[in-house]
Amino acid sequence: MQFIVFVGGVAALFGFLWSGGEGDALARRAEAGERLAATAAAPAALTSRFLNGGATAARVRALEVENQNLRAQLHAASLEPVPVNGEEGARALRAKRYSTYPFNHQNLVIVGAGAEDGVAAGAAVTVESHLFLGVVSEVHRDYSVVRTVFDDGMKLAVKIGEAGVEALFLGGRNPRLTLIAKDAALSDGAAVWTADRKVPFGLLVGELTGSAADAADAFQEAALAVPYDLGRTSEVVVRLP
Amino acid sequence: MRNRRPFLKLLLLALALALAGLLQGTEAVRLWGLKPNLVLALLVAASFFVARLPEYLVLVAVGLSALRFSNLFSPELLAVAASSLLAFLAGARLPGKPWVNNLALIAAGQLLFYALAARGFFGAPLTMLQEFVYNGVVGAAAFLILRRLFPAEHEAKFRD
């Protein structure tokens, strides 16, 4: 009897984890993982809500992301001759963010859009419409793998601020900018935009949070703050070819 | 008191591994930019309480199924499998107290994982040390809980 219960239980687990199409299984696992995490974090969330006015803080965070995205849209609209697409006929689609990579040597996410939706490898992925998240690295039938700005392998040419100071963005746990001209004037809070041929021009990558250069260095380096929290991002936008 | 429900014990472990794998795919477990390898830590701790290889292989299969990110036979999943099997085979042969061996095998498992899946990560020793701290805390907690729940199994595996 115990053996039957064990076999049945394990079979049910495998059924939950594997049944259905690949995309359905990924979505099911991701949702289960997020619900589990929310349940485990419920006491902390309740305390935070009590101490910090949690609902208000969440609203403020959402408004900050929206504000950054609107700034990025305004910047994109000011660039010529980049066409500005409205929602109708736009060459982009919204997709759910599924799991994040479970190990530490890469930073990847799975999104619920794939080849059957028109996604192609190398496509840019954003949070909202203009906050750069990463690039599609693998495309499957109904899901894709995205390499994010938090991955050590992410390198992009970018520009800083209205002056358009050129720099190289290096991804990782602490994203930073390097190869900045030593005589370039930088200010905290300056926006950093994509300027790489591999991704659409003018997407907001983040804001400067501090720069430094040794006397012996030929270039400056700067730290970068990304304008969204990946853990709180449930939906992304995938640019289509 | 001898545990009279070995299959229910295995079911509990399988469920815990499934939950650990699902959690590891979320951002909720990320602390200061790093995720603990929950499945590896739990598998190593569980290796001290499962005596038979076929049963342990079922647990490994459950853990890997929950952990699977994209590709079925990715180097990372094979590395987790290899690291956990190392723990199962070596755990009973190591000198010293089992809870120390648990931590040592977690460290060895983590090193083997990165040696097989991402050698370049050895260029970030502080990051690996930080991850070992996370994995060690999880593995130690799992070991203590399992020893409290299943003391007879733990002793049986190490009895001559």
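Note that the protein sequences, when read in sequence, are chains A and B. Mapping the first sequence onto our numbering, position 149 (from 1) lands on 149, and the numbers just tick up by one. Every position in the second sequence, counted from 1, becomes a number in our numbering once 1000 is added. Glycine included, each C-beta is placed from N, C-alpha and C at the ideal position.
Beta-carbon separation of P102(A) and K1035(B) under 8 Å? yes
With 16 other Cβ atoms within 10 Å as the buried cut-off, status of M154(A): buried
Going by C-alpha distance, which of L203(A), L156(A), P200(A), G164(A) is nearest L186(A)? G164(A)
Going along chain A in order, which residues have a C-beta closer than 7 Å to the C-beta of F965(B)? Residue 965(B) is absent from the model: chain B starts at 1001 and stops at 1160.
If we define contact as Cβ-Cβ less than 8 Å, is S234(A) a contact residue for chain B? no
Is the beta carbon of A121(A) sitting closer than 8 Å to the one on V139(A)? yes
Backbone CA spacing between F1132(B) and F169(A) [nearest angstrom]: 29 Å
So if DSSP puts W193(A) in a beta bridge, which residue, or which two residues, is it bridged to? K159(A), L204(A)
Does F169(A) get closer than 8 Å to chain B when you measure Cβ to Cβ? no
Quick one, are the C-beta atoms of V1050(B) and A1081(B) less than 8 Å apart? no
Can you confirm whether P102(A), when its beta carbon is compared against all beta carbons of chain B, has any partner nearer than 8 Å? yes
Using 8 Å as the limit for Cβ to Cβ distance, is Y1056(B) near chain A? no
On the CB-based measure, 16 or more other CB atoms within 10 Å of its CB, does K159(A) come out buried or exposed? buried
Work out the CA separation of S1047(B) and F1161(B) for me, nearest whole Å. Here chain B covers residues 1001 to 1160 and nothing more, so residue 1161(B) does not appear.
So does E128(A) have its beta carbon nearer than 7 Å to some heavy atom of the ligand MN? The ligand content of the structure shown is nil, which means the ligand MN is not present either.
What's the gap between the Cα of G33(A) and the Cα of D183(A)? 48 Å
Is S1165(B) helix, strand or coil when you go by DSSP? It is not possible to answer for residue 1165(B), since the shown part of chain B is limited to 1001 through 1160.
Below 8 Å on the Cβ atoms is my contact criterion, and I expect R239(A) with A124(A) to pass it. Report the Cβ-Cβ distance as a whole number of Å. 5 Å
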